[in-house]
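Engineer: Okay, so the sequence shown: first residue is 1 according to full-length UniProt numbering, each after it adds one. Ideal Cβ positions, reconstructed from N, Cα and C, are used throughout, including at glycine. Just so it is clear, the structure is predicted and the values come from calculations on it, not from any experiment.
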Amino acid sequence: MSKITKFFDVYGMKCHSCEAVVEEEINKLQGIININADHKNSMVIVTYENELCNDDKIKLAIKNSGFSSNNNMLIKVLCLSIVVISMFFLGNNPLTGSIDSFTSIETSFIMLLILGFFTSFHCVGMCGGILLTQTINRKDNISDKKSSFKIALLYNSGRILSYTIIGGIVGALGSIFSSTIQIQSFIKIVAGIFMIISGLHMIGIKIFNNIRLPIFFKKSTCVNNHKNPFIVGYLSGFLPCGPLQTMQLYALSSGSFIMGASSMFVFSLGTLPIMLSFAYISSRMSKSFNEKIYKYAGVLIIVLGIFMMKPGLNFI
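Laid out in structure tokens, this is it:
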């Protein structure tokens with residue numbers, strides 16, 4: 001049998017967890033020898049035996065993983081249009097006031113809550129398997145709804161606690177560096193720029209691909225080393241997740257332990273409804289639907305990043 005190595009376009013990957021999903025789906029095919037997905041370059045390199053596998057099967061596997069081998073520019077244009085319209089509406093409409101009023105604490109928390117809800121659809125696809133593993137590994141009967149809900153509740157309680165503590169820590173770090181108004185403004189501008197870049201990546205427009213936040217934990221660290229759902233949920237807060245790390249930048253720019261912790265807490269509450277109903281949601285929503293919702297979350301992150309930069313620019 002002869003071996004073939006080919007490059008396949010994969011649009012929609014955002015992080016290492018996305019790469020793992022694509023690789024896992026392709027690896028189900030017969031004749032696969034080696035797979036290497038690269039979300040930065042939107043591609044996957046596959047080595048396979050041509051007698052057992054072919055291009056069409058691999059492209060179908062990519063589609064089944066929730067991603068696409070075709071670049072859908074229409075969705076990108078639509079998302080960017082929503083950003084422009086949102087900026088105009090929020091900046092000029094008398095019901096919402098000026099851009100400066102948009103940055104109020106109450107409005108920001110509402111945005112974070114909505115953003116958490118949208119990104120939770122991505123969480124179900126990327127990290128929901130961790131929760132599922134916890135459920136399966138328990139000795140309790142899988143059909144026991146009370147037991148399953150208890151595990152989900154423990155997992156999400158640990159996750160919310162982790163998000164909140166991390167938000168407080170990075171917020172406190174922001175306060176250390178924000179000794180003057182000018183420095184605090186600079187941090188807001190930098191964090192806003194990174195949020196805009198992250199949002200563009202989420203809707204499929206990749207720029208500055210070499211800019212990557214550090215990775216401290218891998219998914220296997222959570223699943224393999226701990227059996228307690230609460231501990232696993234707590235450790236999941238350290239996983240390499242694009243939206244999560246973007247929100248940590250938002251907490252950093254707050255320059256306050258209380259505001260950083262509150263921001264991450266509100267964001268985590270937004271993810272709670274979908275994550276608690278993981279088993280029900282995951283079986284009824286297609287991966288393509290989740291991907292579209294994720295793009296709209298990217299739009300919200302871009303808008304949030306733009307309005308975060310505005311107060312900082314006023315003091316530069």
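Would DSSP call E24 helix, strand or coil?
Structural biologist: Helix at E24.
Engineer: I believe S185 touches Y234 by the beta-carbon criterion, under 8 Å. Please report the beta-carbon distance rounded to the nearest angstrom.
Structural biologist: Going by Cβ atoms, the distance from S185 to Y234 rounds to 34 Å, so no, they are not a contact pair.
Engineer: Does F67 come out as helix, strand or coil in the three-state DSSP assignment?
Structural biologist: Coil.
Engineer: For the alpha helix (DSSP H) containing K188, list its first residue and its last residue.
Structural biologist: 181-202 is the span of the alpha helix (DSSP H), which, as asked, contains K188.
Engineer: Alpha carbon to alpha carbon, what distance is there between L239 and F217?
Structural biologist: Any reading at F217 is ruled out, since the residue's pLDDT is 49, under 50, leaving its predicted position unreliable.
Engineer: Going by beta carbon distance, what residues of the same chain come within less than 8 Å of C222, once the five residues before and after it are set aside?
Structural biologist: Confidence at C222 is low in this model, with a pLDDT of 49, below 50, so the placement of that residue should be treated as unreliable; the coordinate-derived value is given next. Within the same chain, C222 has close Cβ partners I130, V232, L235, S236, L239.
Engineer: Do T164 and M195 count as a contact pair if the criterion is CB distance below 7 Å?
Structural biologist: Their beta carbons are not under 7 Å apart, which means M195 does not touch T164 by this criterion.
Engineer: Which of the three DSSP states is assigned to K3 in this structure?
Structural biologist: Reduced to three states, the DSSP call for K3 is strand.
Engineer: Would you report the Cα separation of G116 and I160, rounded to the nearest angstrom?
Structural biologist: Between G116 and I160, the C-alpha separation is close to 12 Å.
Engineer: Measuring only from the beta carbon, is L115 closer than 6 Å to any heavy atom that is part of the ligand ATP?
Structural biologist: Ligands displayed in this structure: none; no statement on the ligand ATP is therefore possible.
Engineer: Just the C-alpha distance for residue 336 and P229, rounded to the nearest angstrom, thanks.
Structural biologist: Here the chain covers residues 1 to 316 and nothing more, so residue 336 does not appear.
Engineer: How long is the line joining the alpha carbons of I32 and S17, rounded to whole angstroms?
Structural biologist: Going by the C-alpha atoms only, they are around 20 Å apart.
Engineer: Compare the Cα-Cα distances from N34 to each of E25, S42, F121, K40 and report the closest residue.
Structural biologist: That would be E25, whose Cα lies nearest to the Cα of N34.
Engineer: Tell me whether I181 is buried or exposed, calling it buried when 16 or more other Cβ atoms sit within 10 Å of its Cβ.
Structural biologist: It counts as exposed.
Engineer: Can you tell me where the beta strand (DSSP E) with V46 in it begins and where it stops?
Structural biologist: Per DSSP, V46 belongs to the beta strand (DSSP E) from 43-49.
Engineer: Which of the three DSSP states is assigned to N34 in this structure?
Structural biologist: N34: strand per DSSP, three-state reduction.
Engineer: Under the rule that 16 or more other beta-carbon atoms within 10 Å means buried, what is N156, buried or exposed?
Structural biologist: Buried, by the Cβ-count rule.
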